[in-house]
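Protein chains in written order, with this note's numbering: chain A, 76 to 527; chain B, 3 to 386. All residues carry an ideal CB built from backbone N, CA and C; glycine is no exception. For clarity, every value in this text was computed on a predicted model and none was experimentally measured.
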Amino acid sequence: MGISQTTVAAIRFGYGFHPAQEPAKNADQLLRQASAGARADLVLPVLGLADRRARLEDLIRTRRSRGRDSKAFREKRVAMRRDAVMEVEARVYQRALSPHGFFERLAAFWADHFAISANNAGRLFVAPTFEIDAIRPHVMGRFADMLSAVVQHPVMLTYLDQVDSYGPSSPAGKRRGRGLNENLAREILELHTMGVGAPYTQNDVRELAELLTGFGVQKGFQNFRYFPQRAEPGAETVLGKRYGGNPGRAEHALAFMEDVSRHKATARHLARKLAVHFVADDPDADLVGQIEGAWRRSGGHLPTVYSAMLQHPSSWRDFGGKIKRPVDLIISTLRALGANRQMAETARARKRASTFQALRHLNQPMFQPPGPDGWPEEAEAWITPQGLAARLNYASKSGQLIAKNGKLDPRQFAETALGDALRGETAFAVSAAPDRWEGFAFALASPEFNRR
Amino acid sequence: MLDRRLFLGVACSAASSPLITPVVFADAPGDRRLVVIILRGGLDGLGMVQPYGDRAFYSLRPGLAKRPGDGLTDLDGRFGLEASFDGLLPLWRSGELGFVHAVSTPYRDKRSHFDGQDLLENGNGASDGQLTRGRDGWLNRALAQIPGARADYAMAVGQSHMLLLHGDAPSGSWSPTNVMTLQNDERRLLSLLYAGDPLFESALQGANMLAGDGEASSRRETGATLAGYAAERLNGPARIAAFSLGGWDTHRRQQNAIRQPARQLADALTSLKKDLGRNWDNTVVLAMTEFGRTARENGSGGTDHGTGGVMILSGGAVRGGRIYGQWPGLGERDLYQNRDLVPTDDVRRWAAWALSAQFGLSRRALERDIFPGVDLGGPPGFMA
């Protein structure tokens with residue numbers, strides 16, 4: 076099946092066609108799109124960390140002075156939860172509206188690679204700052220810089236318990252009777268860099284945990300801070316190399332982040348992960364090898380790595396091998412409908428969190444991945460009977476909304492959304508639908524709209 | 003000619019012994035039921051079933067170790083159940099709940115949740131977490147060996163994809179959070195849409211099986227709703243059900259963090275008993291986790307990833323009210339890599355005996371196909 080490069084670029088490497096945006100036609104244009112995305116401002120304004128911190132502190136103060144059951148506290152908490160949800164919603168619109176689809180996909184890839192979870196309103200309120208502060212500035216830079224930003228971000232330090240890790244022999248550890256927490260150190264080696272099959276040992280995990288002691292978050296809310304009095308005294312040996320000494324400094328652990336970013340196991344692990352995410356659940360070994368080589372030669376310079384992926388012919392073959400995750404399904408629906416700033420602002424003004432709700436029904440609730448390894452990649456994890464049932468519910472509800480709110484022709488919609496990936500069977504079902512809304516629903520439920 | 007009394011005698015003792023030859027149940031899938039619960043995140047066996055009789059325990063866990071009468075209920079003079087799990091005590095007292103202590107899968111050393119869970123569900127014997135070639139679930143391979151098992155014989159309940167039941171043998175799946183409503187003509191056009199795409203086709207078949215005629219519901223997944231649906235299916239055509247309960251990864255403030263998952267577990271087991279009614283008598287429930295947690299508490303009132311831990315046995319068909327397993331001790335020299343409880347037995351062996359007892363699977367199939375490399379040894383005697 077020969078699908079055009081433009082369609083593959085839009086659907087596999089972007090969030091799908093948008094009737095008001097010029098699609099990228101090849102690898103070079105995708106890379107230019109990513110570079111432009113790195114320079115562009117966010118489409119929708121976001122609340123800064125300082126504002127969020129002030130809101131949270133105000134909430135905590137109200138709880139202390141007026142009590143947990145007071146009307147003032149309850150109202151503020153409800154308002155914060157609603158605003159947190161709207162902020163999360165704004166992240167979905169960012170991806171749908173941006174003309175730099177490949178950049179947004181890359182940002183989403185890395186945000187999922189360094190997965191974080193927010194299981195209460197306070198955490199949800201600060202969660203979006205993680206991608207904005209630690210991921211997006213480095214998507215078109217060096218992996219080592221992204222990793223360093225990640226291990227200094229309050230959201231990650233809190234999520235993986237680093238804030239509770241103390242050197243057992245450090246002054247603060249001894250005084251407070253506290254010790255190590257290995258969680259972040261383990262996930263850095265297992266998930267973020269080398270991968271679980273790589274030759275590191277439990278001892279490396281332990282030594283890295285010691286090296287990371289001191290990394291914490293300032294009391295109140297919430298900035299990275301290095302606490303020398305929590306740092307385990309002396310040097311640590313991780314992967315056979317000594318780091319640090321007295322007094323402990325954040326730079327010691329950051330030097331390790333620099334080294335592990337260039338490690339050949341990291342190059343292999345991340346080359347494969349990129350290929351799995353963008354191209355195929357079981358990618359061509361030659362493609363993985365080409366990406367890995369670029370990683371090793373460039374020391375993890377990410378634009379070089381992406382370029383190696385896009386230049387390989389198998390990145391453009393076998394369209395449809397990947398299943399869109401629910402969030403991508405929703406974003407590509409919004410794009411096919413020509414989502415614009417006005418739609419986003421209307422949703423925001425009405426405080427309607429429809430995508431937030433839809434994602435919950437589709438079993439991909441925002442900022443709640445099943446674990447620090449992020450969302451599953453493989454097709455079989457998403458297209459289960461209950462997963463497909465949820466997608467069909469989504470398709471029929473969306474189809475009804477689209478039909479009610481406009482004069483769009485379902486056949487036109489299917490062609491806009493899918494380009495030359497639209498199959499005859501789907502075109503037939505869309506036009507044979509007894510009702511107009513069902514035409515939209517069939518387009519959204521079609522295999523080619525759910526694949527990439 | 004066969005002596006009738008002798009024959010009955012053999013049949014009865016066979017039914018009450020875990021050593022059932024496949025012949026006994028070859029004709030009919032029968033009444034026996036199995037529920038497997040995967041406890042995701044690494045249940046702290048030492049925190050749940052506390053070895054208060056082991057002196058070393060209190061120096062390893064100054065903040066988390068309890069004493070009988072003070073946050074701990076004595077179980078057998080050596081071990082006590084931590085108070086967050088009090089909801090389980092009625093089952094223990096009625097002899098329908100037991101524990102196997104100091105067990106684990108064969109997975110060692112890397113202590114990764116994800117590899118650990120995959121191995122737990124795949125059932126291979128590789129300490130590095132390598133899966134069997136088919137990369138399927140052990141319960142699915144077991145299903146393939148049960149004569150007469152149809153697609154509705156086994157159900158994975160809940161949204162999360164379960165490797166445990168994944169594989170060539172057909173099985174169903176269902177979640178309390180999504181019920182689909184479809185009209186007939188929609189079904190027809192959808193079949194057309196999905197013709198030639200096997201993944202979508204087979205998911206649609208499964209979805210049609212679980213389509214309801216009511217409004218789409220959005221019930222939450224809890225221990226009680228998962229167990230309730232499992233029981234509903236087990237009272238119908240299903241004989242095997244599996245679901246997951248999460249929240250066990252208690253790296254910090256374990257005392258608080260454990261309460262919610264502990265309640266979910268107690269809710270799940272008590273709901274199974276209540277909803278299964280008389281069928282509970284023929285039911286074995288196994289709850290197992292990817293690894294135990296460190297013997298010592300960590301620097302933040304929690305525990306990190308470890309090795310040996312606890313497996314939970316429940317159901318009317320088990321001989322509960324006792325703690326099985328070989329206790330290795332918690333002294334400095336007893337610990338695995340000076341940090342974890344040493345596993346003295348393989349959880350797969352206990353699961354294998356449960357499969358043998360409930361469905362008559364042969365020793366050969368269990369040791370070779372279902373749990374490659376497991377040594378079944380003698381019957382562990384946990385069946386009532």
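- Only residues of its own chain outside the window of five on either side were considered, and among them Phe189, Ala209 and Met231 have a CB closer than 6 Å to the CB of Val225 of chain A, listed in chain order.
- With contact defined as three or more Cβ pairs closer than 8 Å, the stretch 308-315 of chain B and the stretch 59-68 of chain B are not in contact.
- Residues of the stretch 122-147 of chain B with a C-beta atom less than 7 Å from some C-beta of chain A do not occur.
- For Gln461 of chain A, the nearest beta carbon of chain B is closer than 9 Å to its own beta carbon.
- Put simply, the backbone Cα of Gly197 of chain A is about 20 Å away from that of Asp187 of chain A.
- Here DSSP, grouped into helix, strand and coil, assigns Ala125 of chain A to helix.
- Counting C-beta atoms within 10 angstroms of its own C-beta, Gly380 of chain B has fewer than 16 neighbours from the protein chains shown and is therefore classed as exposed.
- Taking C-beta atoms as the reference points, Gly301 of chain B and Gly320 of chain A fail to come closer than 9 Å.
- Between Glu179 of chain A and Arg166 of chain A, the beta carbon gap of about 10 Å keeps them out of contact (Cβ cut-off 8 Å).
- In this chain, Tyr241 of chain A is not harboured by any beta strand (DSSP E), its DSSP state being neither H nor E.
- Rounded to whole angstroms, the gap between the alpha carbons of Trp185 of chain A and Val214 of chain A is 8 Å.
- Burial check for Asp199 of chain B: the Cβ neighbour count within 10 Å reaches 16 or more, so the residue is buried.
- Residue environment: Ala268 of chain B is assigned as buried (16 or more neighbouring CB atoms within 10 Å of its CB, all protein chains considered).
- Within a 10 Å sphere around the beta-carbon of Gln108 of chain A sit 16 or more other beta-carbons, which makes this residue buried.
- Secondary structure of Pro203 of chain A (DSSP, three-state): helix.
- Using a Cβ-Cβ cut-off of 9 Å, Gln304 of chain A does not count as an interface residue toward chain B, since no Cβ of chain B sits closer than that to its own.
- Here Pro388 of chain A is exposed, its C-beta having fewer than 16 other C-beta atoms within 10 Å.
- Pro485 of chain A and Thr268 of chain A have their alpha carbons spaced roughly 45 Å apart.
- Within chain B, Leu195 have C-beta atoms less than 7 Å from the C-beta of Thr501 of chain A, given in sequence order.
- Here the alpha carbon of Gln487 of chain A sits roughly 19 Å from the alpha carbon of Lys472 of chain A.
- Among the residues facing chain B, Glu265 of chain A is included, as its CB has a counterpart in that chain under 9 Å away.
- Within chain B, the C-beta atoms nearer than 8 Å to that of Ser521 of chain A come from Leu195, in chain order.
- Rounded to whole angstroms, Ser114 of chain B and Tyr90 of chain A show a C-alpha spacing of 33 Å.
- Gly315 of chain A counts as exposed, since fewer than 16 other C-beta atoms from the protein chains shown sit within 10 angstroms of its C-beta.
- Around the beta-carbon of Lys426 of chain A, fewer than 16 other beta-carbon atoms lie within 10 Å, marking it exposed.
- Among the residues facing chain A, Asp46 of chain B is not included, as its CB has no counterpart in that chain under 9 Å away.
- Just measuring C-alpha positions, the residue of B:Gly375, B:Arg341, B:Asp371 and B:Ser193 sitting nearest Ile148 of chain B is B:Asp371.
- Rounded to the nearest whole angstrom, the CA to CA distance from Glu164 of chain A to Thr459 of chain A is 26 Å.
- Beta-carbon to beta-carbon, Leu236 of chain B and Leu48 of chain B are separated by about 32 Å, too far to satisfy the 8 Å threshold.
- Looking at the backbone, the Cα of Arg130 of chain A and that of Leu122 of chain A are separated by about 11 Å.
- Against Ala504 of chain A, the close residues of chain B are Leu191, Leu194 and Leu195, in the order they occur along the chain (beta-carbon pairs closer than 7 Å).
- The beta-carbon of Asp117 of chain B is placed less than 9 Å from the nearest beta-carbon of chain A.
- Leaving aside the five residues that flank Arg141 of chain A on each side, the residues in its chain whose CB is nearer than 7 Å to its CB run, in chain order, Ala147 and Phe148.
- Across the structure, Pro401 of chain A and Phe442 of chain A are spaced so that their CA atoms are roughly 13 Å apart.
- In the three-state reduction of the DSSP assignment, Asp348 of chain B falls in the strand class.
- Contact annotation: Leu99 of chain B and Gly323 of chain B have beta-carbon atoms nearer than 9 Å.
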